[in-house]
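Chains as they are written, first to last, in our numbering: chain A, 13 to 359; chain B, 13 to 359.
There are 2 protein chains.
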Amino acid sequence: MITSPYYTQQGHGPYELIDIGSLELEDGGVIDDCHLAVACHGRLNAAKDNAILVPTWYSGTSKIMGEVYIGPGRALDPDRYFIVVVNQIGNGLSTSPHHQADPTRFPRVRIGDDVRAQHSLLLQHFGITQLALVVGGSMGAQQTYEWAVRYPEMVRRVAPIAGTAQNTEHDVMFAETLCEALTTDPAFADGRYAASHEVAAGLKRHAKLWTVMGWSTEFFQQGRHRALGFADMPAFVDQFMTGYFAPMDPNDLLAMAWKWQRGDVARHTGGDLAAALGRIRARTFVMPISHDMFFPPADAERECRLVPGAEFRPIESIDGHLALFGTDPAAMAQIDRHLKELLANPA
Amino acid sequence: MITSPYYTQQGHGPYELIDIGSLELEDGGVIDDCHLAVACHGRLNAAKDNAILVPTWYSGTSKIMGEVYIGPGRALDPDRYFIVVVNQIGNGLSTSPHHQADPTRFPRVRIGDDVRAQHSLLLQHFGITQLALVVGGSMGAQQTYEWAVRYPEMVRRVAPIAGTAQNTEHDVMFAETLCEALTTDPAFADGRYAASHEVAAGLKRHAKLWTVMGWSTEFFQQGRHRALGFADMPAFVDQFMTGYFAPMDPNDLLAMAWKWQRGDVARHTGGDLAAALGRIRARTFVMPISHDMFFPPADAERECRLVPGAEFRPIESIDGHLALFGTDPAAMAQIDRHLKELLANPA
């Protein structure tokens, strides 16, 4: 167990830690007393039909979802909806490697495990049997697709943003380079470091890979990094990108990356992606980001065509994948507009 | 000095090693007895006005240029032109770190040093004072631009393919991740390894980064790696990408990467890119590749607008940057068509 100053109520709260009991895992093994860190916004109405589920992305927590996507007047409006942001397993707030006596023995967790854990949470803790919407970005989109395929009768609308239902070979390789940036730091010591800061060099290399793939060539060409307040690329890498990743726990990141690499709804249908996506009953808006370098629009559009009645709603932003961070207000406005239309849509 | 089985006449010949004497370097220092490895195709005519110069890219040698770009009936037709392929300094055939008694003390070499070395070679060894064309891809494009800006009266036509006149911050960061893949391998030992194969782990990570950035998401989505004869992504990475880079010398690669990162014709004009590109008198076809992830069309087009009379001639290929390897025959046909038109153009 590693005591981290990062994964705390001060840093990422408020959230509630809810024990959903033991979670049997798809790849074998079990998490006893699985805790999900949950941040709720708004109130569940009497009919219990105004719930929105928001899963989190790689490295993200409920905090950024609350700050960037949720608020009065927004599509995700706590005055109208009961919005449940669930931190994914392994993200450092929900049950994660760094909480364990021996983090290196944390079991393999898949997207499907998270979604079953969230399903259990919603039913048992909140009594929710219908979701007005599931919406998430990146790994949040992977969980969103998994929800729509696994529980088609429970989900009325879904909006996968900047993510796919079946991970691509290219994306798997990108994630592999991220993992290797961490694991090849001698201080990583096969996961047996005593504190995250010991793995600073690996975490910085990991941040540089995200700098190359997370934004876009246009983002840097047009000086968006300077517009965000950083003098130049080294300052952007050191202060923003490394500053963001440096306090995170490497074993936690690796648990998420393993899960990300294996996201695939076709596990339900013997590898048949069309059959899996054909199960979806939710009204679906597929929302890739125009300049995303690893979840590009073409990959999203290919899947969109396999979802009954789905609409392709790309977000235009040179901020690329990390427009998810909310750096581009115009992108956020597009996302809000699409989500409002989707929510206004009878489903 | 490292004896390499890779950088040989058997592996990359035939080429001639030409001693151009001492080369003073822009960043200080000098290369005594600078040798350029040169592969010539065709014959110089009596007027000495049919010469074409082809510089090489990162990791490439004259061999691939001869095999993929030069031949009877092609734009670079040895029956019509005298085609001089000059291996860049540091590429393992021309004077390079691995030839030195202490490779770690090899001086910093810039694009401008290569171009001055090539200029000296052409004048003193061949008596060439006019070039019908300079054409190169990637770092070859950087050298091409440098030629057009530095010696505007000597160059009649230029075709920079998949490269820029001024390197971008994004591209510098990508190259930095490549360098770190090599230098963080403990076996690299600050450049004091005894043989390249000792740095196999670093060279493989370097190959994986090239896998992610060198092709495109569409390339993998459409199964081009399988069409090229590899069962899946791991086979493609192990056999093709790692197979390609594994025998190379890490210090040589790092010398080229340092040079690549600093390619910038605006060094001639106090940082004014428009002024530098405005000096060009050559007929210019700017030829980025549509799906290039680090020398993208938008960056090339921005520069194209600054070159007097230049035409923007993008190459459509989902093979991305590494379409330069000749993997996509349709891309090669486009390049040939543009080059033939350029060569037919009075200049």
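Every residue gets a Cβ at the ideal spot worked out from N, C-alpha and C, and that includes glycine.
Would residue i and residue j be called neighbours here (beta carbons separated by less than 7 Å)?
| i | j | result |
| --- | --- | --- |
| residue 105 of chain A | residue 19 of chain A | yes |
| residue 56 of chain A | residue 32 of chain A | no |
| residue 78 of chain B | residue 51 of chain B | yes |
| residue 69 of chain A | residue 151 of chain A | yes |
| residue 306 of chain A | residue 186 of chain A | yes |
| residue 345 of chain A | residue 169 of chain A | no |
| residue 230 of chain B | residue 303 of chain B | yes |
| residue 257 of chain B | residue 219 of chain B | yes |
| residue 216 of chain B | residue 189 of chain B | no |
| residue 336 of chain A | residue 149 of chain A | yes |
| residue 13 of chain A | residue 113 of chain A | yes |
| residue 281 of chain A | residue 249 of chain A | no |
| residue 410 of chain B | residue 221 of chain B | In the structure displayed, chain B extends from 13 to 359; residue 410 of chain B sits before or after that span and is not available. |
| residue 191 of chain A | residue 285 of chain A | no |
In terms of alpha-carbon separation, which member of the options lies closest to residue i?
| i | options | result |
| --- | --- | --- |
| residue 276 of chain A | A:160, A:93, A:144 and A:136 | A:160 |
| residue 259 of chain A | A:59, A:34, A:278 and A:207 | A:207 |
| residue 157 of chain A | A:315, A:333, A:249 and A:334 | A:315 |
| residue 67 of chain A | A:89, A:165 and A:127 | A:127 |
| residue 202 of chain B | B:178, B:145 and B:262 | B:262 |
| residue 39 of chain B | B:14, B:279 and B:351 | B:279 |
| residue 273 of chain B | B:141, B:13, B:181 and B:28 | B:181 |
| residue 27 of chain B | B:153, B:141, B:96 and B:229 | B:96 |
| residue 175 of chain B | B:153, B:252 and B:184 | B:153 |
| residue 325 of chain B | B:266, B:214 and B:350 | B:350 |
| residue 179 of chain A | A:193, A:165 and A:155 | A:155 |
| residue 130 of chain B | B:109, B:167 and B:58 | B:167 |
| residue 195 of chain A | A:246, A:264 and A:165 | A:264 |
| residue 81 of chain A | A:354, A:341 and A:269 | A:341 |
| residue 25 of chain B | B:76, B:35 and B:46 | B:76 |
| residue 353 of chain A | A:145, A:132 and A:15 | A:145 |
| residue 165 of chain B | B:171, B:72, B:143 and B:41 | B:143 |
| residue 204 of chain A | A:109, A:241, A:284 and A:30 | A:109 |
| residue 103 of chain A | A:73, A:89, A:87 and A:116 | A:73 |
| residue 98 of chain B | B:117, B:319 and B:29 | B:29 |
| residue 115 of chain B | B:15, B:328 and B:327 | B:15 |
| residue 319 of chain B | B:58, B:171, B:339 and B:214 | B:171 |
| residue 321 of chain B | B:111, B:132 and B:293 | B:293 |
Using a Cβ-Cβ cutoff of less than 7 Å, which residues in the same chain neighbour residue i once the five nearest sequence positions on both sides are dropped?
| i | result |
| --- | --- |
| residue 210 of chain A | 199 |
| residue 236 of chain A | 330 and 331 |
| residue 312 of chain B | 176, 298 and 300 |
| residue 87 of chain A | 348, 351, 352 and 355 |
| residue 225 of chain A | 186, 305 and 306 |
| residue 339 of chain A | 240 and 331 |
With a CB to CB cut of under 8 Å and the five nearest residues on each side skipped, what residues in its chain are close to residue i?
| i | result |
| --- | --- |
| residue 323 of chain B | 296, 297, 298 and 316 |
| residue 37 of chain A | 43, 119, 120, 121, 122 and 125 |
| residue 357 of chain A | 169 and 295 |
| residue 136 of chain A | 32 |
| residue 242 of chain B | 248, 251 and 252 |
| residue 343 of chain A | 301, 327, 328, 329, 331 and 335 |
| residue 366 of chain A | Residue 366 of chain A lies beyond the range of chain A shown here (13 to 359); nothing can be said about it. |
Apart from the five residues just before and just after residue i, which ones in its own chain have a Cβ nearer than 6 Å to its Cβ?
| i | result |
| --- | --- |
| residue 93 of chain B | 54, 62 and 64 |
| residue 140 of chain A | 60, 63 and 134 |
| residue 101 of chain A | 107, 121 and 126 |
| residue 184 of chain A | 273 |
| residue 91 of chain A | 84 |
| residue 392 of chain A | Outside the shown range of chain A (13 to 359) lies residue 392 of chain A, about which nothing can therefore be said. |
Could you tell me which residues DSSP puts in a beta bridge with residue i?
| i | result |
| --- | --- |
| residue 10 of chain B | Residue 10 of chain B is absent from the model: chain B starts at 13 and stops at 359. |
| residue 296 of chain B | B:170 |
| residue 98 of chain A | A:50 and A:67 |
| residue 178 of chain B | B:276 |
| residue 36 of chain B | B:42 |
| residue 327 of chain B | B:301 |
| residue 265 of chain B | Per DSSP, none; premise fails for residue 265 of chain B. |
| residue 146 of chain B | B:65 and B:170 |
| residue 88 of chain B | B:82 |
Counting Cβ pairs, one atom from each stretch, are 3 or more of them under 8 Å apart for the region 154 to 171 of chain A and the region 278 to 291 of chain A?
yes
Residues of the region 274 to 304 of chain A whose Cβ lies closer than 8 Å to any Cβ of chain D, in chain order
No chain D is part of this structure, whose protein chains are labelled A and B.
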